[in-house]
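Worksheet for the structure shown next.
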Amino acid sequence: MTKANSEFHKLLQEQIEHELASSNQYLAMFIHYDNLDMPQMAGVFKTHANEEYDHAMQMIQYLQDANIKPDVPAVPAVRNDFDGIVEPVREALKQEQFVTAKIDKLARVARDSYDFPGESFIKKFVDEQLEEEAYFNRLLTIVESKGATVFEVENWVAREIAGSATN
Numbered sequence: 011m012t013k014a015n016s017e018f019h020k021l022l023q024e025q026i027e028h029e030l031a032s033s034n035q036y037l038a039m040f041i042h043y044d045n046l047d048m049p050q051m052a053g054v055f056k057t058h059a060n061e062e063y064d065h066a067m068q069m070i071q072y073l074q075d076a077n078i079k080p081d082v083p084a085v086p087a088v089r090n091d092f093d094g095i096v097e098p099v100r101e102a103l104k105q106e107q108f109v110t111a112k113i114d115k116l117a118r119v120a121r122d123s124y125d126f127p128g129e130s131f132i133k134k135f136v137d138e139q140l141e142e143e144a145y146f147n148r149l150l151t152i153v154e155s156k157g158a159t160v161f162e163v164e165n166w167v168a169r170e171i172a173g174s175a176t177n
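146 is the number that the working numbering gives to position 136 of the sequence shown; each next residue is one higher, with no gaps.
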């Protein structure tokens, strides 16, 4: 196995760190909502923590398949304390916007360097980031609604989850 030798592979190695950091941050948000006795919101962040971890694993596997030895990165500390129900969602949206910028750069680099396998691989992440930002924008609108109660937020999330299960 060789070390990352293209800009795309180097950026993908960096993206593994971003995905693992996101996973850990969403885990902290899961704990926050679980401690507020909000199982639906806790479930959203538990699911997202697992998804981000899975993304990192897919990226590691891609590098392995390309005969490039990935490094397991150190992951920065995450924020563990939040106020109320709005703040974590606002932070999650910022996190997704950050990841979107990084994924978009990966897509541009792959395309500009004619790395067709890399471009094909990263496309699913480009598509998913559009969905993730849209979801967290909708969720933020709900939790920021004047007079939205914990019960209403939990019901909205439950309906969203049920609706996505049928699609």
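Note that beta-carbon positions come from the ideal geometry of N, C-alpha and C, so glycine has one too. Computed from a predicted structure; not experimentally measured.
Counting C-beta atoms within 10 angstroms of its own C-beta, V82 has fewer than 16 neighbours from the protein chains shown and is therefore classed as exposed. Within its own chain, the residues whose Cβ lies closer than 7 Å to the Cβ of A120, once the five positions on either side in sequence are excluded, are F18, G128, E129, I132, listed in chain order.
With respect to the C-alpha of I152, the residue from R118, R100, K112, L46 having the closest C-alpha is R100. In this structure the segment 142-156 touches the segment 100-109; the number of beta carbon pairs closer than 8 Å is three or more. Assignment of I78 by DSSP, reduced to helix, strand and coil, places it in the strand class. Where N147 is concerned, the enclosing alpha helix (DSSP H) starts and stops at 126-154.
Excluding sequence positions up to five before and after N90, its CB lies within less than 7 Å of the CB of A38, all in the same chain and listed in chain order.
Around the beta carbon of Q74, a 10 Å sphere encloses fewer than 16 other beta carbons of the protein chains shown; the residue is thus reported as exposed. Cα atoms of Y36 and V54: separation of roughly 9 Å, rounded to the nearest angstrom. Excluding its 5 nearest sequence neighbours in each direction, A52 has C-beta neighbours in its own chain below 7 Å: F40, Y43, D44, listed in chain order.
Going by beta carbons, V85 and L30 fall inside the 8 Å limit.
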